[in-house]
Structure formats: C-alpha cells, structure tokens
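For reference, the structure discussed in these notes is given below.
In my numbering, the protein residues as written are 81 to 430.
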C-alpha cells in the first residue's frame with residue numbers, strides 16, 4: 081500500500097529491457113545516438129509538430145528550469161500558481177537558471193490558473209518602467225499540484241492571455257501522460273495548438289528510471305537550450321541510456337498505457353473514499369493523484385497496517401479524536417495493484 085509518490089514506483093519492464101539492449105556495443109555520445117533520432121521523430125509525430133526541437137534531461141527540475149531560462153530573461157517575472165512545483169518544490173532552481181527572475185504567485189482553484197486573475201496580474205505589471213520587474217513567462221502544471229487536469233480549452237484561454245501580452249506559455253508536464261489520458265485530449269491540442277511554447281514532458285513519474293523530455297515548439301530556441309543544458313551540466317555523455325528509456329516509453333504508446341493504469345487505480349481509490357461516511361474529496365481527480373479527507377481513525381488503521389502516504393498539507397497531524405476528518409494525498413503509479421487499493425479502502429472504512 082504505497083501511495084506516497086509515483087516517484088516511488090518501479091521502472092516498467094519494457095524500459096529495463098530497452099536499457100539492456102542499448103547497453104550492447106557502442107553508440108555515439110551526447111545525444112548523437114540512433115535512439116535519440118527515434119525519440120525526436122516519434123515525439124514530433126505524437127505532437128504533430130515536425131519542427132519542434134526535442135531534448136532529454138535527467139530530472140524534471142532541469143527540464144522546467146532550462147526551458148524557463150530560454151523563455152524568460154532575468155529582469156522579467158514568471159507567473160505561476162502559488163502551489164506550482166516551480167515555486168514549492170524546486171529549491172529556487174528556476175530563479176537560479178534564469179539568472180534571478182522572480183516568481184509572481186497567483187491563486188486559483190485546484191491548482192489552476194484562471195484567465196481573469198492572470199490577465200489582471202499581467203496588466204498590473206509595470207511594463208516599460210525601469211524600476212519594475214517586466215512581464216515574463218506564464219507556467220502551468222498539467223496535472224496540477226492538486227491533481228486536477230487542465231482541458232485544452234482551459235489551456236487555450238491562458239494561451240490567449242499570453243498572446244495578448246506578448247509573453248510565452250510553458251507547461252510543466254511531469255504528469256502530462258496522466259492528464260492526456262484523463263482528458264482524452266490530443267497532445268497537440270493540449271500544447272502548441274493551445275498556445276504552449278515549451279513543454280516539459282515527464283517520464284520519471286510514469287515508469288521510467290529517470291528521464292524527461294523538453295519540447296520547444298519554437299525551434300529558434302534550440303541552440304540556446306543546447307548551450308544552457310551543457311553549461312548547467314545536464315548534457316549526458318552516455319546519452320543513449322536516456323534515449324533508450326524514452327524510446328521504449330513512446331513505442332506502442334506505452335506512456336499512455338502506463339498512465340491509464342495509474343489513473344484507473346486513482347479513480348477506484350476516489351470512488352471508495354467518497355463512499356465512506358465522513359469522507360470527501362478535496363479536489364477533482366484528473367489523473368493519478370487523490371486529495372481527500374476521512375476520519376482520523378481510518379488513518380490510524382491504515383498506517384498501523386503499513387500504508388505509506390502523506391498527510392496533506394503537512395501541517396495535518398494524527399493527534400486528535402478518531403472521528404475528525406484528516407486530509408491526505410494519495411498517488412498511484414502504473415504498478416499500483418488493485419489488491420492494494422482494496423485493502424487500503426477496507427482499512428479506512430472499518
């Protein structure tokens with residue numbers, strides 16, 4: 081019963097097999113391997129973006145920070161949700177890689193930015209005033225940090241704001257596969273057709289050992305990204321081991337199948353929790369994360385039986401009466417077993 085994070089899940093067998101195959105013989109370093117050509121061609125096909133620049137890095141923080149650095153000068157602010165991963169979980173890496181660009185935080189329901197508050201914040205930025213930070217990139221997470229999924233229409237509404245003010249739109253897609261499966265949207269409709277300029281396309285949370293892709297839909301930024309990646313020490317010499325993971329991920333739409341398994345487990349968890357007296361969901365379940373509250377007694381039983389997950393927010397405590405609702409975050413991954421979900425639900429509803 082491991083629901084702490086999809087980072088805790090195993091790598092998919094297809095990925096491990098691809099790594100073993102890639103380990104045979106020799107291959108050119110630094111991304112010149114044939115597998116990287118396959119990855120680039122396949123991602124361009126999936127996103128219907130034949131000119132997109134495609135790169136691989138080892139972590140989501142590197143993907144987000146390097147992409148934002150290409151889009152945002154140090155004197156311009158990055159607009160993001162107050163709970164965005166770039167704000168709460170990346171140790172100021174975006175600020176570091178951009179050379180000091182500040183983050184402007186905006187609230188919104190379920191971890192989403194909404195067009196009107198975003199528009200107001202952009203309009204209030206004192207563009208052209210030398211003493212003020214200038215307008216910069218908008219970044220959104222899909223899935224959001226609250227587990228909700230943006231639809232293509234919602235992304236397009238934010239993209240329209242970005243175009244009105246002449247700024248870029250970046251998407252943190254650490255759980256992009258879960259969002260695509262959850263909304264049944266096409267990758268193109270969710271990204272560049274909706275106004276997204278750059279995407280961090282996640283893999284590590286969805287069955288890869290450790291690799292993320294960056295898609296720059298404006299290839300004019302490609303050379304800058306290459307230089308920034310090298311300067312930041314994120315250009316792998318034995319790049320084929322990144323390429324092999326991503327190639328396996330994309331073959332036969334494995335990325336969607338793995339995300340579908342994780343999403344299905346999360347839906348079952350959500351349905352089971354909603355059926356418990358005194359329990360409720362805190363946010364819509366758009367993919368593989370469930371944010372919910374149920375009586376503390378259920379938490380006690382689950383944790384005593386070995387269930388591993390986080391109370392959320394972390395200010396929550398196990399101190400108090402059994403009947404009082406306590407909120408938590410539960411995250412499923414591609415390998416989450418139906419038996420584990422059912423056992424967990426039995427424990428918290430007893």
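Note that CB positions come from ideal geometry on N, CA and C, so glycine has one too. Fair warning: this is a prediction, and the values are worked out from it, not measured in the lab.
Assignment of residue 171 by DSSP, reduced to helix, strand and coil, places it in the coil class. In the three-state reduction of the DSSP assignment, residue 363 falls in the coil class, being assigned neither a helical nor a strand state. With fewer than 16 other Cβ atoms from the protein chains shown falling within 10 Å of its own Cβ, residue 212 counts as exposed.
Here residue 398 is exposed. Its C-beta has fewer than 16 other C-beta atoms within 10 Å.
Less than 9 angstroms divides the Cβ of residue 335 from the Cβ of residue 257. Contact annotation: residue 338 and residue 286 have beta-carbon atoms nearer than 9 angstroms. Annotated three-state conformation of residue 220 is strand, per DSSP. Within the DSSP bridge table, the entry for residue 393 names no partner. Residue 217 places its beta carbon less than 9 angstroms from that of residue 148.
In this structure, the beta-carbon distance from residue 266 to residue 131 does not fall below 9 angstroms. Inter-residue distance for residue 168 and residue 105 is about 42 angstroms (C-alpha atoms, whole angstroms). Non-local beta-carbon contacts of residue 102 in its own chain, meaning distances under 7 angstroms to residues more than five positions away in sequence, involve 115, 320, 321 and 324 in chain order. Residue 370 is positioned such that its CB atom lies closer than 9 angstroms to that of residue 227. One alpha carbon belongs to residue 263, the other to residue 234, and they sit about 12 angstroms apart. Contact annotation: the segment 338–352 does not touch the segment 200–207, with fewer than three C-beta pairs closer than 8 angstroms.
Per DSSP, the continuous alpha helix (DSSP H) segment holding residue 119 begins and ends at 114–126. Of the candidates 86, 165, 328 and 232, 165 places its Cα closest to the Cα of residue 142.
Distance from residue 138 to residue 281 at the Cβ level is roughly 14 angstroms; contact not present, criterion being Cβ atoms closer than 8 angstroms. Assignment of residue 150 by DSSP, reduced to helix, strand and coil, places it in the helix class. The C-beta distance from residue 301 to residue 160 rounds to 20 angstroms, too long to fall under 8 angstroms, and the pair is not in contact.
By the Cβ rule, the segment 384–394 does not count as touching the segment 344–360, because fewer than three pairs are nearer than 8 angstroms. Counting only runs of 4+ residues, the alpha helix (DSSP H) found wholly inside the segment 232–259 occupies 232–245, in chain order. The Cβ neighbour count for residue 311, taken over all protein chains shown within 10 Å, is under 16; the residue is labelled exposed.
Contact between residue 187 and residue 162 holds, since their C-beta atoms are separated by about 5 angstroms, short of 8 angstroms.
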